[in-house]
Amino acid sequence: MVKAFGGKTPAYWGLEAPGALARLAPGTQGIAVTVDFCGGANGSEFDQGLIAVLRERHVPATLFLNSRWIAANPATARQLAADPLFELANHGTTHRPLSTTGKSAYGIPGTQDAGEVYDEVMGNDAAMTQLTGTRPRFLRSGTAFFDEVAIQIVSALGVTPVAFSINADGGATYPAATVAREAAKAGPGDIIICHGNHPHGGTAQGMAQALDTLAARGAPFIHLR
-3 MVKAFGGKTP
7 AYWGLEAPGA
17 LARLAPGTQG
27 IAVTVDFCGG
37 ANGSEFDQGL
47 IAVLRERHVP
57 ATLFLNSRWI
67 AANPATARQL
77 AADPLFELAN
87 HGTTHRPLST
97 TGKSAYGIPG
107 TQDAGEVYDE
117 VMGNDAAMTQ
127 LTGTRPRFLR
137 SGTAFFDEVA
147 IQIVSALGVT
157 PVAFSINADG
167 GATYPAATVA
177 REAAKAGPGD
187 IIICHGNHPH
197 GGTAQGMAQA
207 LDTLAARGAP
217 FIHLR
């Protein structure tokens, strides 16, 4: 990866990098719910309420697990991996934005170069493979920031880099009413992002309301594809 991509200079940095999956394929009628579990000193809790909301409503979801979160919650991670309602995906090793030039996002330093992008992806790839028995098909970087060279590296590793089209909970900072309003904006082809590692926020209650609203409209929920 270093030899192939180390000499490339990115032109883009942000949440909408070319090549990232921000919406489902054209013509897709379903909505994909994705949940990030970020890990770390302030992010390794488990929102049991949000998972209960998804299970009670039989809503399939793609869960992006960070290596630090898995290490802090091994039994819960195994339980989620065993539930066919959920597909587990890669949320990085140390929750770093994927940059090839050392850029930061939300005050979190990004990876410095192509080699560090590889390490951030593949460290947790190994943990996820051990957890589930298969390689994860999807990856969302810490903060969901990418540059386009990092996107190319992820794709070359055989994994689909994932962004989003609906930010439901603002990194688990929104109150329930805001979560409900934002998530309910989803329509066919949208990818919703929310967080499952801050149980004291408004995500679970807000997503419950939004999912009920969307279901009443007849919206189908599907895994990423």
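With the numbering used here applied, the sequence shown covers -3 to 221.
C-beta atoms are modelled at their ideal positions from N, C-alpha and C, and glycine is treated no differently.
Does the beta carbon of glycine 198 fall short of 6 Å from some heavy atom of the ligand GTP?
As far as ligands go, the structure on display features none, and thus does not contain the ligand GTP.
Helix, strand or coil at proline 105 [DSSP, three-state]
Proline 105 falls in the strand class under three-state DSSP.
Taking all protein chains shown into account, decide if proline 216 is buried (16 or more other Cβ within 10 angstroms of its Cβ) or exposed.
Taking every protein chain shown into account, the CB of proline 216 has fewer than 16 other CB atoms within 10 angstroms, so this residue is exposed.
To the nearest angstrom, how far is the alpha carbon of glycine 103 from that of leucine 207?
So the two alpha carbons sit approximately 32 Å from each other.
Taking the C-alpha atoms as reference points, what is the distance between glutamate 52 and glutamine 108?
A straight line joining the alpha-carbon of glutamate 52 with that of glutamine 108 spans about 42 Å.
Select from Ser137, Gly119, Gly35, Gly23 the residue whose C-alpha is nearest the C-alpha of isoleucine 66.
Checking every option, the nearest Cα to that of isoleucine 66 belongs to Gly35.
To the nearest angstrom, report how far apart valine 113 and leucine 50 are at their CA atoms.
A straight-line Cα-Cα distance of about 32 Å links valine 113 and leucine 50.
Give the range of the beta strand (DSSP E) segment to which threonine 31 is assigned.
First, the amino acid is wrong: residue 31 is valine here, not threonine. For valine 31, the enclosing beta strand (DSSP E) starts and ends at 28 to 33.
Are the stretch 168 to 187 and the stretch 128 to 148 in contact at 8 Å, needing three or more beta carbon pairs?
Judged by Cβ distances under 8 Å, the stretch 168 to 187 makes no contact with the stretch 128 to 148, as fewer than three pairs qualify.
Between the Cα of glutamate 41 and the Cα atoms of Leu59, His196, Ala101, which residue gives the shortest distance?
Proximity to glutamate 41 across Leu59, His196, Ala101 peaks at His196, based on C-alpha coordinates.
Going by beta-carbon coordinates alone, are glutamate 144 and alanine 37 separated by less than 7 Å?
No, the Cβ-Cβ distance between glutamate 144 and alanine 37 is not below 7 Å.
How many angstroms separate the CA atom of proline 171 from the CA atom of threonine 30?
Distance between the alpha carbons of proline 171 and threonine 30: 18 Å.
Tell me, to the nearest whole angstrom, how far the beta carbon of valine 158 is from that of leucine 17; I am working on the premise that it is less than 8 Å.
At roughly 5 Å, the Cβ-Cβ gap stays under 8 Å, so valine 158 and leucine 17 are in contact.
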